[in-house]
Each structure stands twice: as structure tokens, then as C-alpha cells.
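For reference, the structure is listed below as C-alpha cells.
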Amino acid sequence: MNYLGKVLGASGSKTRESGTVSFQIADNILIDAGNIFQKYEFDTNKIEHVFISHSHFDHILELPFLIENGFTVRTKPLKIHGLKSTIDNIKKFMFNNDIWPDFSLIPLLTTGEKSISFEEFEFNQVIELEGMKITPIEMNHIVPTAGFIVEKENDAFALSSDTYITDKFWQIINKNKKVSKVLIEVSFESVLDGLAKVSKHLTPHLLDEELNKLSRDDLDIFIYHIKEASYNQVQKELKEFPNLIKYNVRDIPSSF
138 MNYLGKVLGA
148 SGSKTRESGT
158 VSFQIADNIL
168 IDAGNIFQKY
178 EFDTNKIEHV
188 FISHSHFDHI
198 LELPFLIENG
208 FTVRTKPLKI
218 HGLKSTIDNI
228 KKFMFNNDIW
238 PDFSLIPLLT
248 TGEKSISFEE
258 FEFNQVIELE
268 GMKITPIEMN
278 HIVPTAGFIV
288 EKENDAFALS
298 SDTYITDKFW
308 QIINKNKKVS
318 KVLIEVSFES
328 VLDGLAKVSK
338 HLTPHLLDEE
348 LNKLSRDDLD
358 IFIYHIKEAS
368 YNQVQKELKE
378 FPNLIKYNVR
388 DIPSSF
């Protein structure tokens with residue numbers, strides 16, 4: 138991959154045309170598993186690592202099929218990385234033999250190794266894989282949630298995952314001059330600021346205020362996770378708030 142990442146899904150809703158959140162950051166590494174198969178142009182059996190930001194369904198919903206589809210040909214366990222609370226929820230509510238088989242107990246046919254392994258990380262822990270540094274950042278959501286700083290050589294991007302207003306995320310971006318791109322969630326139109334507060338998401342109005350925390354003007358800022366019912370109004374509002382105009386905030390492209 139000659140870019141920082143590829144978008145497999147970036148919507149806050151699942152429709153015929155759109156899928157929920159999943160980013161490919163290397164040939165064998167994903168962040169989140171909301172939409173792997175809809176538009177994939179790669180061998181999904183080569184995926185070895187999936188970093189899960191949090192346990193909400195739109196970020197994990199295709200994990201069961203990722204391991205099942207390649208079960209007979211995989212030669213390495215699928216490593217699912219997450220916070221302890223995230224992994225606990227995935228074990229309890231997904232791979233539990235009631236909703237889906239517990240593949241952590243099922244050996245691969247090719248090697249006898251367990252089909253999946255769970256790898257816990259902590260906030261601010263630097264994980265080195267495939268020449269990259271992946272650092273989980275604490276975000277402000279209704280369940281424990283990790284955003285990520287992903288560094289590749291002299292470039293990097295910051296991914297918010299789901300979040301409400303936060304200081305840590307922007308402080309890290311201000312400090313880490315490698316970061317050239319920011320992927321930030323916006324879920325609802327601004328008239329729903331109250332809903333955003335309760336559900337711990339952002340709106341264009343709230344993002345406009347958040348951008349006051351930046352001390353840099355050299356960033357590409359892309360939004361994602363827009364709910365389908367809010368999409369058209371959010372696009373309109375991107376042209377109405379001063380900081381969104383200043384930073385040319387726009388929809389996330391297919392690669393970044």
C-alpha cells in the first residue's frame with residue numbers, strides 16, 4: 138500500500154450502498170470490522186490483525202465471517218486486538234457458542250493453532266507491526282473506546298473512532314508533527330447536539346468548536362461515521378461553520 142490507509146467502510150449506518158467502519162492500513166491489518174466484504178479487492182484470508190476500537194456492533198459485525206470464511210485455508214490465527222473491556226464483550230456476546238462458535242477454542246485445519254487469539258492493549262501503548270507504530274488513544278464515548286495514531290515512516294494519521302468532545306486527541310495531534318491527516322467522526326446534524334451529548338458523538342457544530350483546540354493549520358481533516366438520516370444535512374453544514382471551512386473539512390475519500 139503506497140498510501141496511509143484504505144476505506145472499506147466509513148458510514149454510521151448500514152445500507153445497500155454504505156457499510157459501517159473498517160479501514161485497511163496494511164495488506165494484513167485492519168482497524169475495525171464493520172464492512173470488510175462489501176467492496177473488498179484483496180484476499181481477506183491474508184488479514185492477520187484486526188484492531189477493534191470498541192465493542193459497538195457497527196465496528197465488529199463482520200468479525201465472525203472473517204474467521205469463518207477462511208477457516209479451512211488460514212495458516213495463522215486471526216489476532217483480534219482491543220482494550221480488555223472490548224475483548225471481554227466480544228468473547229461474552231459474540232464468540233460464545235450461542236451467537237457464534239468460540240473460534241478461540243477451535244484449531245485451524247492447516248496447522249492446529251487456535252483460529253483466533255485475543256491481544257489486549259492499553260491506552261498509549263505503542264504497538265509495532267509491519268514497520269508501523271500503532272498507538273491507541275483514549276476517546277470520550279459511552280463505552281471504553283480507542284482512537285489510534287498510526288505512524289508509517291515519516292507520515293501518520295489520527296483516527297478518532299467514536300467520540301464526543303475531547304482534549305487528549307487534539308493535544309496529541311498538536312504535538313506529533315508526523316500526523317498529516319485526521320479522520321474524525323461526525324454522526325448527526327447540529328440540531329441534534331443534545332442527542333450527540335447523550336450518545337457521545339459529534340455534530341458539525343461540535344466539531345467546529347473542537348477545532349479551536351488545534352494549533353496547526355497543515356492538516357487534512359476528513360469526517361466519517363455519518364448516520365444515513367443525517368448525511369445530506371451534515372454535508373450542507375460543512376460549508377456553514379468557520380473552522381470547517383478554514384480546514385476544508387470534507388468526507389473521507391476511498392484512500393488517504
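Residue numbers (the working numbering): 138 to 393.
From the three backbone atoms N, C-alpha and C, an ideal C-beta is built for every residue, glycine too.
Note that the structure is predicted; figures quoted are calculated from it, not measured.
So for residue i, helix, strand or coil by DSSP?
i, result
"Leu109", "The structure shown does not extend to residue 109, since the chain spans only 138 to 393, so no value can be given for it."
"Pro281", "coil"
"Ser367", "helix"
"Lys448", "Residue numbering for the chain in the displayed model covers 138 to 393; residue 448 lies beyond these limits and cannot be assessed."
"Leu356", "coil"
"Val328", "helix"
"Phe306", "helix"
"Ser336", "helix"
"Glu375", "Note that residue 375 corresponds to Leu in the displayed sequence, not to Glu. Note: Leu375 maps to coil in three-state DSSP."
"Asp388", "strand"
Which stretch, first to last residue, makes up the alpha helix (DSSP H) that contains residue i?
i, result
"Ser190", "Unbroken run through Ser190: none, as it is neither H nor E."
"Ile382", "Pro379 to Lys383"
Can you name, in chain order, every residue of its own chain whose Cβ lies under 8 Å from the Cβ of residue i, other than the five neighbours on each side?
i, result
"Asn165", "Lys183, Ile184, Glu185, His186 and Glu267"
"Thr152", "Glu365"
"Asn233", "Asp239"
"Thr181", "Ile173, Phe174, Leu203, Asn206 and Gly207"
Tell me whether residue i is buried or exposed, calling it buried when 16 or more other Cβ atoms sit within 10 Å of its Cβ.
i, result
"Pro390", "exposed"
"Gly156", "buried"
"Asn291", "exposed"
"Pro341", "buried"
"Phe255", "buried"
"Gly249", "exposed"
"Thr212", "exposed"
"Glu374", "buried"
"Ile236", "exposed"
Where does the unbroken beta strand (DSSP E) through residue i begin, and where does it stop?
i, result
"Gly146", "Lys143 to Gly146"
"Ile321", "Val316 to Glu322"
For residue i, which residues of its own chain have a beta-carbon under 6 Å away from its beta-carbon, when the five flanking residues on both sides are left out?
i, result
"Ile243", "Ser252"
"Ala295", "Ile286, Ile310, Val316 and Val319"
Cβ of residue i versus every heavy atom of the ligand SAM: is any distance shorter than 7 Å?
i, result
"Lys216", "This structure lacks the ligand SAM; in fact it carries no ligand of any kind."
Grab me the residues of residue i's own chain with a C-beta within less than 7 Å of its C-beta, minus the 5 sequence neighbours each way, in chain order.
i, result
"Asn277", "Thr300, Tyr301, Ile302, Thr303 and Lys337"
Worksheet entry | Any alpha helix (DSSP H) of 4 or more consecutive residues that is wholly inside the stretch 153 to 207 | 200 to 206
Worksheet entry | Secondary structure, beta strand (DSSP E): runs of 3+ residues fully inside the stretch 199 to 276 | 215 to 219, 253 to 257, 264 to 266 and 269 to 275
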